[in-house]
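In my numbering, the protein residues as written are 317 to 609.
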Amino acid sequence: MGCKLCGKEEFYKGLCKEHYINYFENLVKKSIKKYSMLKDSEKILVSVSGGKDSHAVAWVLKKLGYDIELFHINLGIKNFSEISLKEVKKLSNILDLPLHVVNLKDITGKTIENVKKKHCSICGITKRYLMNRFGYENGFDVIVTGHNLDDEVSFMINNILNWDIVHLSKHDPVLPAHDKFLKKVKIFYEIEEELILKYALAENIPFTTAECKYRKDAITLRHRMYFNELKKYRENIKLQFLHGYLKHKDIFKVDDNFKFRECEICGMTSAGKICSFCRVWKIKKNFKLQSQI
Ligand SMILES: [Zn+2]
Ligand SMILES: [Zn+2]
């Protein structure tokens, strides 16, 4: 059996490579429209990690004609950060897009390797802070990340297990800008990881499959496994769970009148006196955030 549209050799989901690429790009276009994710005039910063998801974000947004630049953080993880940076540079060359790289070590004097525990949560705080600050200081309107449907539902389950109401209130596909926080968008919010992988392969997008060595301990990887197991019984379980969340998310609403302030050290928006980035990295005075490339 060949492609259901043209009869050529099947690549995935009953479609040839060319028709699969079309199908995937249409899915992304539909999501962008459905959730009013992006405007044509917006200057977009895409945070790229070296992996397939964020690289596919940059690839598809460039093909769809959006105004984007790339941002990468060198976390200084042995055997991982070097490989990631190499793939990121390849991507920026092929797409002919500006690439901004910041080194965690230049800013904090340390790398993720120097952290003793909670690597994934500190890594998350670090990435969110640096991409937001870089985007904010350099005139970008929006940050797009590579989070996909599998990420979203596994993080949601994790936040439910911890009854983390604050984070449960933030699983939207679009988080609007406020104070010094830029708007954040997940264009793959409704798209499964496997579809993104097939797209990356079909388009020959450069990416690394190297995994961060700390990630294998992450419990969210187990949640992904349960979902894939449940999917055998109910094909649409991930999307149903996600849409159920969107329908009922008001039950997780946090105080709208909460007043953010400015971090006493770096001046960025913070819930407390010192922001979580300055706190975890024990930053004593403000720094300049400059990119290397
Ligand atoms: Zn075809
Ligand atoms: Zn701070």
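Cβ coordinates follow ideal geometry from the N, Cα and C atoms, glycine included.
Only a predicted model underlies this, so the values are computations on that prediction, with no experimental measurement involved.
By alpha-carbon distance to R595, the top candidate from E580, Y515 and K604 is E580. Taken from the Cβ of I599, at least one heavy atom of ligand 2 lies inside 8 Å.
Scanning its chain for C-beta atoms nearer than 8 Å, with the 5 sequence neighbours on each side dropped, one finds around T585 the residues H494, D495, K496, F497, F576, R577, E578, C579 and C591, in chain order. Per DSSP, the continuous beta strand (DSSP E) segment holding T461 begins and ends at V458 to N464. Within the region 531 to 585, not a single complete beta strand (DSSP E) segment reaches 3 residues in length.
Burial of A372 is indicated by the presence of at least 16 other C-beta atoms within 10 angstroms of its C-beta. Rounded to whole angstroms, L420 and C439 show a C-alpha spacing of 10 Å.
A distance below 8 Å between beta-carbons, with the five flanking residues on each side excluded, links I399 to the following residues of its chain, in chain order: G366, T524 and A526. Listed in chain order, the beta strand (DSSP E) elements of length 3 or more contained wholly in the region 368 to 424 are 383 to 390 and 415 to 419. When DSSP reads this structure, S363 sits in a beta bridge with F387. If you draw a straight line from the Cα of K368 to the Cα of S408, it comes to about 14 Å. In the DSSP assignment, K514 falls within the alpha helix (DSSP H) that extends over E509 to A518. Neighbourhood of ligand 1, defined by CB distance below 6 Å to any of its heavy atoms: C319, L321, C322, K324, L331, C332, E334 and H335, in chain order.
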